[in-house]
Amino acid sequence: MARDLSRLLLAGASFALAALAGAWLVGGELPPPPRLDEHTFQFRHPEGVMREIAPDKALEVWSFGDFDLWAEVQLDPGAELDLVMRRVEPEQIEGHGLAPFHGRLSLARLSTRCEGPVLWTREDALFDRTHEPGGHLLAPRQPVTIEVSGRDRTLDVRIGGKRYPPFEAVDAHGFFGFVARGSSAWLRELEITAVPRPLRLLPASWAVLVASLAGFALAFCARGRRTAVLGALAVPALAWLGGATIAARMLPQTEPTTTGFVLIALCGLPLGGLAGLRPRAGWAWGLGVVAALGLLELGVRAEAPRLRPLEDPRLDALFGPDSGSAPFDAIAGRARAWSEVYAPHLDDVPVVLFLGGAPLWEDDREPERWTAVLATDAAARALGTPLRPVVVGTNWGNLRQQGLLAERYLLDAFLPELVVLGVGDWEGEAELTRRARAALDALAVGAAQPPRSGPSRLLDYVAARADAEGSVPTGTPPELEAAVARLARRCDEVGARLLLVVARGVAADVRAAVQRAAREHGAGFVDADLAAPELDDAIAAVAAAVQERIGG
Numbered sequence: 000m001a002r003d004l005s006r007l008l009l010a011g012a013s014f015a016l017a018a019l020a021g022a023w024l025v026g027g028e029l030p031p032p033p034r035l036d037e038h039t040f041q042f043r044h045p046e047g048v049m050r051e052i053a054p055d056k057a058l059e060v061w062s063f064g065d066f067d068l069w070a071e072v073q074l075d076p077g078a079e080l081d082l083v084m085r086r087v088e089p090e091q092i093e094g095h096g097l098a099p100f101h102g103r104l105s106l107a108r109l110s111t112r113c114e115g116p117v118l119w120t121r122e123d124a125l126f127d128r129t130h131e132p133g134g135h136l137l138a139p140r141q142p143v144t145i146e147v148s149g150r151d152r153t154l155d156v157r158i159g160g161k162r163y164p165p166f167e168a169v170d171a172h173g174f175f176g177f178v179a180r181g182s183s184a185w186l187r188e189l190e191i192t193a194v195p196r197p198l199r200l201l202p203a204s205w206a207v208l209v210a211s212l213a214g215f216a217l218a219f220c221a222r223g224r225r226t227a228v229l230g231a232l233a234v235p236a237l238a239w240l241g242g243a244t245i246a247a248r249m250l251p252q253t254e255p256t257t258t259g260f261v262l263i264a265l266c267g268l269p270l271g272g273l274a275g276l277r278p279r280a281g282w283a284w285g286l287g288v289v290a291a292l293g294l295l296e297l298g299v300r301a302e303a304p305r306l307r308p309l310e311d312p313r314l315d316a317l318f319g320p321d322s323g324s325a326p327f328d329a330i331a332g333r334a335r336a337w338s339e340v341y342a343p344h345l346d347d348v349p350v351v352l353f354l355g356g357a358p359l360w361e362d363d364r365e366p367e368r369w370t371a372v373l374a375t376d377a378a379a380r381a382l383g384t385p386l387r388p389v390v391v392g393t394n395w396g397n398l399r400q401q402g403l404l405a406e407r408y409l410l411d412a413f414l415p416e417l418v419v420l421g422v423g424d425w426e427g428e429a430e431l432t433r434r435a436r437a438a439l440d441a442l443a444v445g446a447a448q449p450p451r452s453g454p455s456r457l458l459d460y461v462a463a464r465a466d467a468e469g470s471v472p473t474g475t476p477p478e479l480e481a482a483v484a485r486l487a488r489r490c491d492e493v494g495a496r497l498l499l500v501v502a503r504g505v506a507a508d509v510r511a512a513v514q515r516a517a518r519e520h521g522a523g524f525v526d527a528d529l530a531a532p533e534l535d536d537a538i539a540a541v542a543a544a545v546q547e548r549i550g551g
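Read in numbering that gives the first Met the number 0, the sequence shown has 549 at position 550, and its numbers run on one by one without any break.
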């Protein structure tokens, strides 16, 4: 009896320690936890006084975990209002620096224009062009209440007393934002109450509990005490593998689910049990391997929304890799660069929209090298009229991607007098993954669909990881020529002129295609040494071209 009890305790303790080591190995690969606010946020105006949320000025509120939100709003005629929730963007994390990634969000939409979908994911809000405009329909200037309860990733939304089905966000925390389009929305009251999360076992505690119970069960069947103890080593071994290949690729500043964490930490449990049982049949070991892969499959399924390789490739295609705040900026109708956050165009000052990305127009973050701003200032002085530069500060951009970004969001938001499309000397090089390139091709013909998942999310993950290791060209010369032609036609629709500024290091076939498209569609064309240490000549050339296109 004493021997049986000691065997039970030894096996249980061995598997508990193995699970604790496995959980520690997986947890060490996870992103750092986010900073959350734990204080109630209140915003109240006196009776009859309201805060305006204009199309050029969103209201942004800091990050909460679990919360209850109550707001009272009203919309002017023609206005739409997005309540953005669970918004997560790169921020400085002590000891970890700034890890870039695509900003994440969910939103609820109200509209005075027509009825449409109310609850939107980030991808639907950015890529679904079939439901614009529309949302929860309400009468202009009619006050309406918004109530949202956020528990973990589940958002329960009630607008004007109408309750919508629970909605699952990617994250269990995040910022809030109110974004108006078309006309102004007005906020009378807003209260966001931080709700303490209930006490619950940590994921590592669940892993230890499950593994120790498995160890007790194994002790009754194991052929030897030593083999049962040694078999427990399979748990941290496979947990290390799962942590390095899966948990390390989690989206930054996210929180894993308990289920996913435990499954990844314990994927070695079936092999640990078999090592203790020492079966002679080969098929038994085969079943053990299948069971281990099955646990890993379930772990990947639980964490698929938070695994970087499984992110929608359309994000890389349209905004460039690790685009930060770009998804939110597109929804808000604004542009962000190192020099400024540019609000939508609402005045009579002519806008010069600079496409091509931050490396071309705001090199090194030093104001004396901000080619776009300096060139616009020089052109404005020569013309004797103010000009407003708007720089699209994509960290990494290509001609096709920048053209699509302008066509879908920027031209309507900023109504530019002139669009300056910069073509860097990297144009046409192998800089996109195959998945992102396929998404870019689909976006170019307006047929982009969300990526399909196969029968195994684990295999999807492996394929996405393998794809990320290679790269393909951003576009062939004929594709670049077609992209310039399409952008030129879209500029004509909004009454904007087009100017192409091409770096002197661009490949000859790319230059010829771009120049041919510019000539055929009446666009300006300028050569400029945008990568030179001294940019005076480039600034002067761009300024003269801007002056000519606007003043001509």
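In this text, a Cβ means the ideal position worked out from N, Cα and C, and glycines have one as well.
- Taking 8 Å as the cut-off, the Cβ atoms of Leu359 and Gly267 do not count as close.
- Counting only runs of 3 or more residues that sit fully inside the stretch 359 to 420, the beta strand (DSSP E) segments are 387 to 390, in chain order.
- Leu295 has its alpha-carbon roughly 13 Å from the corresponding atom of Leu270.
- The residues Val350, Leu352, Ala495, in chain order, have a CB closer than 6 Å to that of Pro415 in the same chain once the five nearest residues on each side in sequence are set aside.
- Beta-bridge annotation (DSSP): Met249 is paired with Leu306.
- Between Glu146 and Leu109, the gap from beta carbon to beta carbon reaches 8 Å or more.
- The distance from the Cβ of Leu498 to that of Arg548 is about 5 Å, consistent with a contact at the 8 Å cut-off.
- Ranking Gly319, Asp151, Leu314 by CA distance to the CA of Pro255 puts Asp151 first.
- Within the same chain, Cβ atoms closer than 6 Å to the Cβ of Arg464 are found at Pro308, the five residues on either side in sequence being excluded.
- Fewer than three pairs of CB atoms, one per stretch, sit closer than 8 Å, so the stretch 25 to 44 makes no contact with the stretch 151 to 169.
- Per DSSP, Gln546 is one residue of the alpha helix (DSSP H) stretching across 535 to 550.
- For the options Ala522, Leu410, Ala371, the alpha carbon positioned closest to that of Ala537 is the one of Ala371.
- Across the structure, Glu365 and Val509 are spaced so that their CA atoms are roughly 29 Å apart.
- Between Leu297 and Trp284, the CB-CB gap reaches or exceeds 8 Å.
- Counting other Cβ atoms within 10 Å of its Cβ, Pro54 reaches 16 or more and is therefore classed as buried.
- Straight-line spacing of the CA atoms in Ser324 and Pro76 works out to 29 Å.
- In the three-state DSSP reduction, Gln514 falls in the helix class (H, G or I).
- Taking all protein chains in view, the Cβ of Glu51 is surrounded by fewer than 16 other Cβ atoms within 10 Å, so the residue is classified as exposed.
- Excluding its 5 nearest sequence neighbours in each direction, Pro251 has C-beta neighbours in its own chain below 6 Å: Pro30, Ala98, Phe100, listed in chain order.
- For Glu480, the enclosing alpha helix (DSSP H) begins and ends at 476 to 493.
- Within its own chain, the residues whose Cβ lies closer than 6 Å to the Cβ of Gly402, once the five positions on either side in sequence are excluded, are Ala482, Leu486, listed in chain order.
- Shown here, Trp337 sits in coil according to DSSP, grouped into three states, outside any helix or strand.
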